[in-house]
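Here's the structure, in structure tokens; my notes come after.
In the UniProt record's numbering, the protein residues as written are 1 to 533.
Quick look at the structure:
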């Protein structure tokens, strides 16, 4: 182990040395470890938090988040809401440019949005365009992409027509899937455009100068960015290093400024040392059951597995990051009506504190399903990737064994294979997790409509879908929230998913690093970050 750590540190030193330039000040360079490589950094394709980090720094949507964390104009300097919220006119900045100096135009957005909803693209996040006129029918193959409700009135004026008033639409267009990409580049390089720095052209605060798979992505300040004078770092070195011990060493010796890769067992000590911060997130960690599996299609078994977990033990002794154990899905901090909290208003669905009672009920359900004390119960499999997800499952695995007498084996996969198999529903039980893209319960609950690309448990309920339809189409705020509370109860009562806890995020942060915007939506921004001397 010691040899592995020394090797990682040597590799980190070489990596950072190769990223350096004698003409730049190291105080203006940030070294950031996000962990393993993500599967895509194409705004239309990416569906991971790590992918969004890269995209957010290289691209910009119509709206963005300013240094104070408030929604503000991005590529659009102003807009009008018309026809009772059914139509928007966005006025683009005439000084908004791509990193190669070409102007950002309304036609860029038209092309990019049509590309997302095109069934050929198969975007995981295409469903987020549902508020835009005809988007759902285009995704379903019933209309052509040219019929999407978006139009370039002139080079710098974009018209968007909606299916229905959408209270969160301005937040939505600031999300990565709505970012513009270049038609000429994608038509020439197809899916290879995102793997080469020369063709990964963006319109955001940074421009990419190096993409080295499984190693690093390097960005420098984009001097063609409309607001480049406010951008503080000269360079961002995004490092793909998975060793948490080496991350700690890098923070301590100054070769790293920020790391998402944290040694969970050392969280209390690192927090006391002042190099670990725990940030709140709008996120939910859960397991998905395959509802089509011969064993798990019995709701009694899914409920038994769900009840036989000591969530408090897991967050206090395994994750140790201040997570909130829960029996619900939508986390605290998500808005309800008039500033209320959706979770506080909805409450929990069963008492996670009465663990003994829950285990007794789990045993009763398993026996009722034909497996008293786990007798005759087949060995199931749990799919995950690596790191903390494995440690969490090992605790769950032991609880299921001790409480129910059943065995569940772990299938540990490389991240790319894990994502692929989960997306293809090639699992029995699999870990899931969701961070909000915008602050509305719909962003959590519409994951499980029929059908939805990220509905991994293949959950399907007509009443649930009807409630979500109300939430998506109603302009009555109270009716929307009431429908979503009812929908969440249906989801939890189905036991298609097993809620575990609401996320926080432990981060290794240099004491010198200041100005980072810590986003509760999980995509932290370094645009205005700097290091104190």
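Glycine residues also receive a C-beta, built at the ideal position from the N, C-alpha and C atoms.
query: Cβ-based neighbour list, residue 52, same chain, cut-off 6 Å, excluding 5 preceding and 5 following; result: 176, 523
query: Sheet register partners of residue 31 (DSSP bridge); result: 237
query: Nearest residue (CA-CA) to residue 484, options 471, 492, 496, 48; result: 471
query: Cβ neighbour criterion (16 or more within 10 Å) applied to residue 63; result: buried
query: As assigned by DSSP and simplified to three states, the class of residue 250; result: helix
query: Cβ neighbours of residue 327 in the same chain (closer than 6 Å, five flanking residues each side left out); result: 348, 349, 350, 352, 499
query: Helix, strand or coil at residue 91 according to DSSP, with G and I counted as helix; result: strand
query: Classification of residue 357 by the beta-carbon crowding that lies within 10 angstroms, buried from 16 upward; result: exposed
query: Beta-ladder partner(s) of residue 65, from DSSP; result: 71
query: At least three beta-carbon pairs within less than 8 Å, the stretch 120-138 to the stretch 187-200; result: no
query: Cβ neighbour criterion (16 or more within 10 Å) applied to residue 153; result: exposed
query: The stretch 394-408 in contact with the stretch 363-373 per 3-pair CB rule at 8 Å; result: yes
query: Residue 193 to residue 245 span [Cα, whole Å]; result: 34 Å
query: 6 Å Cβ shell around residue 143 - same chain, five flanking residues per side excluded; result: 134, 137
query: Identity of the residue in 400, 305, 79 nearest residue 92 by Cα; result: 79
query: Assigned secondary structure, residue 516 (DSSP; H/G/I helix, E/B strand, else coil); result: coil
query: The stretch 434-447 touching the stretch 387-400, judged by at least three CB pairs closer than 8 Å; result: no
query: Whole-angstrom C-beta distance between residue 324 and residue 444, which should lie under 8 Å; result: Between residue 324 and residue 444 the Cβ distance is about 15 Å, and since that is not below 8 Å, they are no contact.
query: Sequence-distant residues of the same chain with beta carbon closer than 8 Å to residue 319, five excluded per side; result: 264, 388, 392, 501
query: Reduced DSSP secondary structure (H/G/I, E/B, other) of residue 530; result: strand
query: Straight-line Cα distance separating residue 228 from residue 493; result: 50 Å
query: Inter-residue CB distance, residue 337 and residue 477 (contact presumed, cutoff 8 Å); result: 5 Å
query: Neighbour-count burial assignment, residue 312, 16 or more Cβ in a 10 Å radius; result: exposed
query: Among 132, 115, 75, nearest to residue 169 - alpha-carbon criterion; result: 132
query: Residue 511 versus residue 461: straight-line alpha-carbon distance, rounded; result: 49 Å
query: Whole-angstrom distance between residue 509 and residue 274, CA atom to CA atom; result: 8 Å
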